[in-house]
Structure formats: structure tokens, C-alpha cells
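Trainee:
Protein chains in written order, with my numbering: chain A, 488 to 571; chain B, 423 to 612.
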């Protein structure tokens, strides 16, 4: 883990959404962000635990850290620098 | 690992070095492989339950930055029909896996009106659980440039017209699908 305290630049609330909508929304949000910016994502879809890191690995972004907060999950996703 | 190639004649590569270089090059090549960024899905079923998987997977593929195409054939054409709201239904008949509130015989679930009831129940349940409606998933697909291709053969056999289908649908045959599929690592028949 690069750092324990992660500050976010924006928050995306995906609570109540089911597969595949969390990754669809995250994809759209991250597309509008600058490299290095961090979005904090709230989600209730349990599949997101596997889906969000897989999505990040495939798209060159990074799940900096995630945790459970009561009834929902919290992910911190940092936008990567375009590779290609 | 770094290899000093400037020390004139002093370069010694071990088998392990060569293996590592090959591994890195292969990994790099795989990352650049355009087929890894393409998904090609056939949607062949036209019931409410079977309409979900191709649209969910195509949306997820697009969200992961892939070029996705869904080829709708046979009953799958229902999903992109302008009237899909009324055409795409689900029936418990002949599906012993469908969860029912109480066990029911096929002769009962086959009665007139039961299909509409089962469809309404499934839609309500999905909505209550926060599952996106088919309309929403189709919208996501179109907004994220998923190609929706209708099978020209089935359209003719079933007596549809091209104008029966929603905006943005393309038309093609097995050749069009294969041309997409051979350039895609992900190909699914649903």
C-alpha cells in the first residue's frame, strides 16, 4: 500500500446498484478524471469486491485500498497514466 | 535486471536472463494484443432471463475499455425489437430451475396469463433488488458504443423488417460475426 491515508478528489455513490452498473458508473467517472486523481466509491453490490479490482487491473487504474463500512463497501480508485 | 551491453565483449547472458527477457517481451506483446480488448457475444435467446447475460457482459466489457459487439440471432432478436417490452417475457413452463413461491405443475403454469404473471413477478423482483432494467442496459450498451448486430437471415425467416428494430442496430450474417470473432479473445454464445 502506497499510503494508508487516502484523500479523494471526488465521491461516487453506487449504493443500491447491481452488476454491471457499478463498473459502468466507475468507468464513466474515471474517464472524466485526470491522471493521479482519486475517486472514492461507495457500493453495496457484493460482486464489486471482485469486479472493481479486476476492472482496475484491465484499465490501467489502481484500487489503492478498500474496506467495508457497515452496510456498504468503500473503494479508493486512482486513475492511472495512459500506457499505450 | 539490467544487462550491460556496453562493456564490449563482456556480455554474458545466462539461460535465466534469456528466459526473463522472453517472458517480459511476451507479456508486453500480450498487453498490446488488440484481440484482448475485443468481446464478441451471440445472443440467441429471447426470454427475459436470457436477455440479461449478453447485455450485462457487453456493458461490463465496454466499461473495461473493450470494443464489444453483440450479434442477435433467432429469438435473441426480441431483445432489440422496438416492441421488446412486450415481446421479452419469461415462462416457468419447462424450466424446473425457476424459483416458485409454491410448487406448481406445468399444466397450471401453462394456463393463459401465467406467462405475463411470471414476467411481472420477475421484473418486480429484479427492480426491488436494484437490478438494472433491460431498457437501461440497452441504453448503456448504446452509449458506450457496443455494436448491436441483428442477424439478417433470422429477420427474413421470421418475417421482421429492419425498421422493427431499435435505433443504431446494424445488420449482418455469419460472415460479419466471424470477422469480428476472429479478432476477439472473448467470444460467447448465449
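Ideal Cβ placement from N, Cα and C applies to all residues, glycine included.
Do the segment 518 to 532 of chain A and the segment 502 to 509 of chain B meet, that is, are 3 or more Cβ pairs less than 8 Å apart?
Mentor: no
Trainee: Could you tell me the distance, in whole angstroms, from the CA atom of residue 390/B to the CA atom of residue 476/B?
Mentor: Residue 390/B lies beyond the range of chain B shown here (423 to 612); nothing can be said about it.
Trainee: Does chain A have any CB closer than 8 Å to the CB of residue 463/B?
Mentor: No, residue 463/B lies away from the interface with chain A (no Cβ there is under 8 Å from its Cβ).
Trainee: List the residues that DSSP assigns as beta-bridge partners of residue 565/A.
Mentor: Paired residues: 525/A and 549/A.
Trainee: Could you check the C-alpha separation between residue 503/A and residue 571/B for me, to the nearest Å?
Mentor: 31 Å
Trainee: Please check the pair residue 559/B and residue 481/B, which I expect to be a contact at CB under 8 Å, by giving their CB distance rounded to whole angstroms.
Mentor: 6 Å
Trainee: Just checking my contact of residue 563/B with residue 461/B at CB under 8 Å: how many whole Å lie between their CB atoms?
Mentor: About 12 Å separates the two Cβ atoms, so there is no contact after all.
Trainee: So what does residue 464/B bridge to, in DSSP terms?
Mentor: 493/B and 611/B
Trainee: Relative to the C-alpha of residue 523/B, which candidate in 537/B, 510/B, 512/B and 543/B has its C-alpha closest?
Mentor: 543/B
Trainee: Using a threshold of 8 Å, state whether the C-beta atoms of residue 463/B and residue 479/B are closer than that.
Mentor: yes
Trainee: List, in chain order, every chain B residue whose beta-carbon is nearer than 7 Å to that of residue 542/A.
Mentor: Correct list: 485 and 486.
Trainee: Where residue 508/A and residue 438/B are concerned, what is the direct C-alpha to C-alpha distance, given to the nearest angstrom?
Mentor: 45 Å
Trainee: Tell me whether residue 593/B sits in a helix, a strand or coil according to DSSP, three-state version.
Mentor: strand
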